[in-house]
Every structure is written in C-alpha cells, then in structure tokens.
Amino acid sequence: MPRLQPFPRWQLAQRIACCYSLLVLPALCAAQHQPLLPADLDNKVVKVDVKAATLETMVALLAKQLNVSIYVDDTPHHAPIDFMIETTVRKALNRIADAYDYEWKLTKSGAITMVKRFQDPAEFPQTEPAEWQQTAKDALRLIGETEHDFSGASDGRILQGFVSNVTFEQAIALLSGQRLTGRMLEERPLSYLREYMYLKALASTVGVWGALGEILQQMSGNALQWHTELDGSDLAASVKEKREQKLLHTLLVVNTDKAGVKQSYPLATVTIVLVDDSEKNPKKPLDSPDTSPGEKP
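The sequence shown begins at 2 in the numbering used here and counts up one residue at a time.
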C-alpha cells in the first residue's frame with residue numbers, strides 16, 4: 002500500500018520573502034502512475050466507504066482507485082473522520098480537502114498536490130523564537146545587507162559613477178531624452194547601473210526583515226494585543242447596503258523599550274462582517290453521501 006511521505010514545512014522566509022525557487026514534492030509511492038486529465042475530474046467516479054480514516058488512508062485509497070500520483074504537504078492534526086463517498090473526483094477531493102483543512106490542485110503533469118491552507122489555527126506551523134531570529138539573519142545575509150548600502154545614502158554616488166563612466170555621446174543622448182539599452186554600455190557604467198537597480202529592488206525587503214529581526218530580539222518583552230474598531234471607510238457602503246458596518250481587526254505586537262517608551266507594530270489587519278447564515282446554508286455531515294443529479298445515492 003502506498004504510504005504518505007510528507008515534505009518539510011515551508012519556512013518563514015519562504016512565506017514572507019516570496020522565494021523564487023520551486024518547491025519539489027516527493028512522490029507518494031514508487032509505482033508508476035498515469036497522469037490525470039482535467040476532464041477526468043468530472044468524468045471519473047470514486048467510491049469510498051471507510052470509518053475513522055486519516056488523510057493518509059484517504060490519499061492511499063484515491064491513489065489506488067485513480068492510479069495517480071498524489072503529493073501531500075505534511076500531515077494534518079485532525080482526528081480521523083468517517084467517509085462515505087460515491088461521486089466525481091473533483092467533489093471527492095473537495096470533500097477530503099475541506100475535512101482536513103487542505104486545498105488541492107491538478108498539476109500540468111497530471112498529478113494531484115495537496116497543501117495546507119491554514120484556516121484552522123491548530124494547523125499553524127510551530128517555530129521557536131531562535132529559529133525566527135536565525136531566519137531573519139539568513140534572509141539579510143542572502144540579500145547582502147553588509148555588502149550593499151540599502152539606506153539610500155549612496156544613491157547619488159552610484160548615479161554619479163554611472164554618469165562619469167558613460168561615453169560623451171551616450172551622455173548627450175541621455176540629456177536629449179534618448180534611450181540607452183544595457184547592450185550599449187561598457188562594463189563599468191553597467192556595473193553602477195546594476196548596483197543601483199539592485200538596491201532599489203530590495204531596499205523594502207531589507208527593511209521588512211530588519212524590522213522583524215529587531216522585534217524578535219525584543220521578543221522576551223513583547224506582548225500581543227488584538228485591537229478592534231469600526232472600519233470608517235465602510236460607513237457609506239454599509240448604510241447604502243443596510244448591513245452592519247465592517248469591523249477592522251488589527252493584531253499588534255506591543256513592546257516597552259529600556260527607556261519605558263511603549264511601541265506597537267501591526268502584524269496583520271483584516272476586515273470582517275459578521276453574518277449569521279447558518280439557516281440559509283446548514284453544514285452538511287461529512288459522512289453523508291453526495292447526491293447530485295445523475296449520480297448514485
């Protein structure tokens with residue numbers, strides 16, 4: 002029977018800095034599988050009737066029935082769930098993903114990937130403050146914080162170096178509003194231009210990681226605070242639509258420095274409208290069969 006092989010958690014740096022590398026997932030099992038076509042999601046039917054099933058069990062059953070490779074991010078913390086499903090592949094995947102707090106996708110190669118969507122706080126990745134601090138340091142080291150001046154103080158010097166090293170004809174062309182491409186420049190002025198563009202592209206990223214590093218260093222004296230207020234920008238719309246005004250929720254990190262000055266840093270801000278739709282959209286039991294027109298009950 003194929004076994005679930007989780008890959009390591011995405012690290013904090015990958016979440017915040019938007020890594021430019023591809024995450025490669027290990028195959029569920031060594032057996033050769035056939036690629037699943039987009040049309041198969043609605044044409045093929047899967048049938049599962051199990052009690053107290055883990056995600057590993059459900060993935061193994063689907064992989065066997067569909068003869069397809071399934072890749073899974075980590076393992077869920079949810080308790081085993083009863084499933085009785087006889088429906089299309091798409092609806093079955095939706096039911097399973099919702100049950101275990103995952104989202105799924107059919108890849109171009111015809112495999113299925115399942116990654117955590119973290120709607121359940123119990124599924125949030127756990128990290129230690131020391132790990133966070135090291136991640137911030139590593140991010141700044143990879144960007145080259147010590148090798149480059151991201152403060153903006155050297156911008157004038159770099160641009161002056163660029164202008165001083167272009168040819169007279171190129172300088173006249175620039176002054177007259179003409180465009181120069183990189184291929185027209187010699188290596189020395191091009192190096193100044195590259196440095197300037199690098200600083201401008203990553204200055205904000207360095208600022209974010211630097212601020213995070215400072216917060217983490219003060220972690221022992223920090224506290225979290227949840228602030229709620231009415232969203233003023235939603236007042237006109239709420240009156241027009243005859244509904245409750247949106248609430249603006251902000252998660253803050255509050256710190257008191259050595260001088261006794263209290264500072265706060267917003268971590269996240271969300272707007273929420275509380276609507277009771279339980280009567281209009283009652284939740285469907287997970288173990289009830291999905292009976293849509295044309296499908297077996």
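Even glycine gets a Cβ: it sits at the ideal position worked out from N, Cα and C. These numbers were taken from a predicted model, which means no experiment stands behind them.
Between Leu63 and the set Ala204, Arg96 and Asp75, the nearest pair of CA atoms involves Arg96. Taking all protein chains in view, the Cβ of Asn68 is surrounded by fewer than 16 other Cβ atoms within 10 Å, so the residue is classified as exposed. Per DSSP, the unbroken alpha helix (DSSP H) holding Asn95 starts and ends at Val90 to Tyr101. In this structure, Leu213 and Ala131 do not form a Cβ contact; the two beta carbons are roughly 14 Å apart against a cut-off of 8 Å.
Glu146 has its alpha-carbon roughly 10 Å from the corresponding atom of Ser152.
Per the coordinates, the alpha-carbon of Arg118 lies some 22 Å from the alpha-carbon of Thr89. For Leu200 and Ala154, the gap between their C-alpha atoms comes out near 11 Å. Bridge partners of Trp227 according to DSSP: Leu252. By the C-beta density criterion, Asp121 is exposed, having fewer than 16 other C-beta atoms within 10 angstroms.
The C-alpha of Pro81 is placed about 21 Å away from the C-alpha of Gln66. In this structure, the straight-line span from the alpha carbon of Leu181 to that of Ala98 is close to 52 Å. In the three-state scheme derived from DSSP, where H, G and I count as helix and E and B as strand, Pro81 is classed as coil.
Apart from the 5 residues on each side of it in sequence, Val207 sits with its Cβ closer than 7 Å to the Cβ of Leu141, Ile144, Glu146 and Phe151 in its chain, given in chain order.
For the options Ser192, Val49 and Leu107, the alpha carbon positioned closest to that of Tyr72 is the one of Leu107. Around the beta carbon of Val167, 16 or more other beta carbons lie within 10 angstroms, which makes this residue buried.
The continuous stretches of beta strand (DSSP E) do not include Met59, which lies in the alpha helix (DSSP H) extending over residues Leu56 to Leu67. Note on the stretch 105-191: whole alpha helix (DSSP H) runs with a minimum of 4 residues are 130-144, 156-166 and 169-176, in chain order. Distance from the Cα of Glu148 is smallest, within the candidate group Phe125, Gln171 and Glu196, for Glu196. Around the beta carbon of Val164, fewer than 16 other beta carbons sit within 10 angstroms, so the residue counts as exposed.
Of the candidates Lys92, Trp227 and Gln246, the residue whose Cα lies closest to the Cα of Ser234 is Gln246. A distance of 7 Å or more separates the beta carbons of Leu231 and Val254.
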